[in-house]
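Here the sequence shown is numbered in my numbering, starting from 27 and rising by one per residue. Remarks on the structure that follows.
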Amino acid sequence: MIDTHIHADARSGEDLEMMYLSGIDSAITCSYYPYKIPDEIVLLNHLNRILEFDTKRAKEYGLDLKVALGIHPTNSNINPKTIFENLYRWIETDKIVAIGEIGLEDLTDNEIDIFKKQLDIADETDSKVIIHTPRKNKREVLKVILDILPQHLNENQAVIDHINPQVVGDVINTDCMLGLTVQPQKMDRFEAISILDEYGFDRFLLNSDMSNKPSNPLSVPETVRELTRQSYEKNEIRKVAGNNAEKFFKI
Ligand SMILES: [Zn+2]
Numbered sequence: 027m028i029d030t031h032i033h034a035d036a037r038s039g040e041d042l043e044m045m046y047l048s049g050i051d052s053a054i055t056c057s058y059y060p061y062k063i064p065d066e067i068v069l070l071n072h073l074n075r076i077l078e079f080d081t082k083r084a085k086e087y088g089l090d091l092k093v094a095l096g097i098h099p100t101n102s103n104i105n106p107k108t109i110f111e112n113l114y115r116w117i118e119t120d121k122i123v124a125i126g127e128i129g130l131e132d133l134t135d136n137e138i139d140i141f142k143k144q145l146d147i148a149d150e151t152d153s154k155v156i157i158h159t160p161r162k163n164k165r166e167v168l169k170v171i172l173d174i175l176p177q178h179l180n181e182n183q184a185v186i187d188h189i190n191p192q193v194v195g196d197v198i199n200t201d202c203m204l205g206l207t208v209q210p211q212k213m214d215r216f217e218a219i220s221i222l223d224e225y226g227f228d229r230f231l232l233n234s235d236m237s238n239k240p241s242n243p244l245s246v247p248e249t250v251r252e253l254t255r256q257s258y259e260k261n262e263i264r265k266v267a268g269n270n271a272e273k274f275f276k277i
């Protein structure tokens, strides 16, 4: 099983171990610095820690941690030049499987500039992107994302994440992959299953987004087991349990 969006840096080794023991082989950890950022060097340290330290830490518990790095929209108050230079280097040396998570939160000019630039880097380097959508004003922000995205990058290189039953209709006709985040205060596994039931399993990735916010490290295996209990086809379940992510991220 693959959990396609976590923040390993914010969680304990016990969580990583519990995930591994519950059938998760691999997870994609994304960048998000949850504190005030004084400058880009602090963010660079954060990204290097994910890359060099958290991957090793996860491995000790059995978990194969893949990495997505970039500038999270809430971390946009920095000079992005150094991070962009490093992004090119990480992509070139196959250190990361995607640029992420990127996206928009409050729709500030800074956020929009940095978002567009990261989409351009993905286009130039033929990379995948993981795009965050916010808890607040999700539909409004999603509309702006869907307007900007195709002007900079092929939709089939993007995951739009944290999709819920309220907005799934807005993205289902795009070419993007769609992330279903099963997390307390966001969406429960039954709501995620209702989306899969209605729209099929081909376009969706499951994740827990486990972070410093209330999270359930086992939300992916719990959703997969619930699908099994409800007798969905094994082939279909395998798609959201990992096969779609393997194909999309080439992992
Ligand atoms: Zn996240």
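Every residue gets a Cβ at the ideal spot worked out from N, C-alpha and C, and that includes glycine.
Q. Count the other CB atoms within 10 Å of the CB of GLN183; is the residue buried (16 or more) or exposed (fewer)?
A. It is buried - the Cβ of GLN183 has at least 16 other Cβ atoms within 10 Å.
**Q.** Three-state class that DSSP yields for ASP65 in the structure shown
**A.** coil
Q: Quick one: give me the first and last residue of the beta strand (DSSP E) that SER220 is part of.
A: Counting along the chain, SER220 falls outside any beta strand (DSSP E), though it belongs to the alpha helix (DSSP H) covering 215-225.
Q.
Can you tell me whether TYR61 is buried or exposed? The criterion is at least 16 other CB atoms within 10 Å of its CB, across all chains shown.
A. When all chains shown are included, TYR61 counts as exposed.
Q: Keeping to the same chain, check which residues put their C-beta closer than 8 Å to that of ARG75; ignore five residues upstream and five downstream.
A: Hits under 8 Å: ASP35.
Q: May I have the straight-line CA-CA distance separating ILE109 from TRP116, to the nearest angstrom?
A: 10 Å
**Q.** Whether LEU231 touches ASN270 by CB criterion (8 Å)
**A.** yes
Q | the stretch 206-223 contacting the stretch 165-180, beta-carbon criterion three pairs below 8 Å | A | no
Q. Would DSSP call ASN233 helix, strand or coil?
A. ASN233 falls in the strand class under three-state DSSP.
Q.
So, at 8 Å on beta carbons, what are the nonlocal neighbours of TYR225 in its own chain, with the 5 sequence-adjacent residues on each side left out?
A. VAL194 and ILE198
Q | Where the beta strand (DSSP E) through HIS178 begins and ends | A | Element bounds for HIS178: not the beta strand (DSSP E) but the alpha helix (DSSP H), 164-178.
Q: Say yes only if the C-beta of ASP235 is nearer than 7 Å to one or more non-hydrogen atoms of ligand 1, and no if none qualify.
A: yes
Q. Apart from the five residues on each side of it in sequence, which residues of its chain come closer than 7 Å, Cβ to Cβ, to TYR87?
A. GLY39, LEU42, GLU43 and TYR46
Q) If you run the structure through DSSP and keep just helix, strand and coil, what is SER52? A) strand
Q. By Cβ distance, which residues of its chain are closer than 8 Å to ILE97, with the 5 residues on each side in sequence left out?
A. Same-chain partners within the cutoff: SER57, LEU69, ILE104, PRO106, ILE109, ILE128, ILE140 and GLN144.
(Q) Taking 8 Å as the threshold (C-beta atoms), are ILE186 and LEU206 in contact? (A) Taking C-beta atoms as the reference points, LEU206 and ILE186 fail to come closer than 8 Å.
(Q) Taking the beta carbon of TYR59 as the centre, do at least 16 other beta carbons fall within 10 Å, making it buried, or is it exposed? (A) buried
Q) Buried or exposed: which applies to THR134, given that a residue is buried once 16 or more other Cβ atoms fall within 10 Å of its Cβ? A) exposed
Q | Rounded Cβ spacing between THR254 and ALA218 (contact assumed at less than 8 Å) | A | THR254 to ALA218, Cβ: 14 Å. No contact.
(Q) Following a CB-centred definition, is TYR61 positioned closer than 7 Å to any heavy atom of ligand 1? (A) Flag unset: Cβ of TYR61 not near ligand 1.
(Q) Does GLY88 come out as helix, strand or coil in the three-state DSSP assignment? (A) coil
**Q.** Buried/exposed call for GLU66, threshold 16 Cβ in 10 Å
**A.** buried
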